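Working notes for the structure below.
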Amino acid sequence: MSSRQVICSGKCILGLTKCFKDLMSKLALSKEAKISFFGTPSVCLPFVELLAYAIRDLTNNMLYIPNTSIDMAVKLRYIEGYGFQIGERADPRNSDVAVLLGGLAMPKSKITAEDAMRAATAILKKEGTIIGVDFMGIFDQNEWTNKIPFSYVLDCYCESKVESLK
Numbered sequence: 002m003s004s005r006q007v008i009c010s011g012k013c014i015l016g017l018t019k020c021f022k023d024l025m026s027k028l029a030l031s032k033e034a035k036i037s038f039f040g041t042p043s044v045c046l047p048f049v050e051l052l053a054y055a056i057r058d059l060t061n062n063m064l065y066i067p068n069t070s071i072d073m074a075v076k077l078r079y080i081e082g083y084g085f086q087i088g089e090r091a092d093p094r095n096s097d098v099a100v101l102l103g104g105l106a107m108p109k110s111k112i113t114a115e116d117a118m119r120a121a122t123a124i125l126k127k128e129g130t131i132i133g134v135d136f137m138g139i140f141d142q143n144e145w146t147n148k149i150p151f152s153y154v155l156d157c158y159c160e161s162k163v164e165s166l167k
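Our numbering numbers the first residue of the sequence shown as 2 and each following residue consecutively.
The following block contains the structure:
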């Protein structure tokens, strides 16, 4: 097992977006760098849109791939007044970065670490980077960190509560 070192920490959604932007800045990618996000439809897509917004100044070439369906890749585009939305179909091949979201590792998704690894490898440039973004340690729980050569994993823990104000 490789050693781990914390390079950024924060709390809640602001911490998630700040750490993601800091990490992507650390990669020193060109403005044209292609970043492809893999995630489950509905659940991961809003997080993909949020992460895309966080790095909007770093690149303008981001794609979303539902699950591991490379042929369904779509461009992420910024629409004034709405934020990042999915757009037209796009080719994810020769991506500089593949970002795997934790929803893929949930048992309900039926996607294996091997499936995700095959998909990421298929689209990445030879020296491409694989990043994981998950919640509550799902990549570790399902041993994806032992099966996929992540360069970085951004693991977010959020707390929620509902209070009656009557």
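C-beta: ideal position from N, C-alpha, C; glycine also.
Here the structure is a predicted model, which means the values were calculated and not measured.
query, result
"Classify Asp92 as helix, strand or coil using the three-state DSSP reduction.", "coil"
"Quick check: the segment 114-127 against the segment 43-59, are there 3 or more CB pairs under 8 Å?", "no"
"So, with DSSP's three-state summary, where would you put Gly138?", "coil"
"Using a Cβ-Cβ cutoff of less than 6 Å, which residues in the same chain neighbour Met25 once the five nearest sequence positions on both sides are dropped?", "Ile56 and Leu59"
"Who are the Cβ neighbours of Pro42 in its own chain at under 8 Å, not counting the five residues just before and after it?", "Pro67 and Asn68"
"What did DSSP end up calling Gly11 once you bin it into helix, strand or coil?", "coil"
"What did DSSP end up calling Gly104 once you bin it into helix, strand or coil?", "helix"
"Out of curiosity, what's the CA-to-CA distance linking Leu77 and Leu15?", "21 Å"
"Write down every uninterrupted run of the beta strand (DSSP E) in the segment 43-83 whose length is 3 residues or greater and which is fully enclosed by it, in chain order.", "63-67 and 75-80"
"Excluding sequence positions up to five away, which residues of its chain have a Cβ less than 8 Å from the Cβ of Ala91?", "Leu64, Ala74, Val75 and Lys76"
"So, under 8 Å CB-CB, Asn95 and Lys126 are touching, yes? Tell me the CB distance rounded to an integer number of Å.", "5 Å"
"Give the straight-line distance between the Cα atoms of Thr130 and Lys32, rounded to the nearest whole angstrom.", "16 Å"
"What is the rounded straight-line gap between the Cα of Val100 and the Cα of Gly40?", "9 Å"
"Let me know if Cys45 comes out buried or exposed under the rule of 16 or more other beta-carbons within 10 Å of its beta-carbon.", "buried"
"Whole angstroms are fine: how far does the CA of Lys27 sit from the CA of Ile71?", "27 Å"
"Give me, in chain order, the residues of the same chain whose beta-carbon lies closer than 6 Å to that of Gly145; leave out the 5 immediate sequence neighbours on both sides.", "Per the sequence presented here, residue 145 reads as Trp, with Gly not at that position. These residues qualify, in order along the chain: Ala106 and Ala114."
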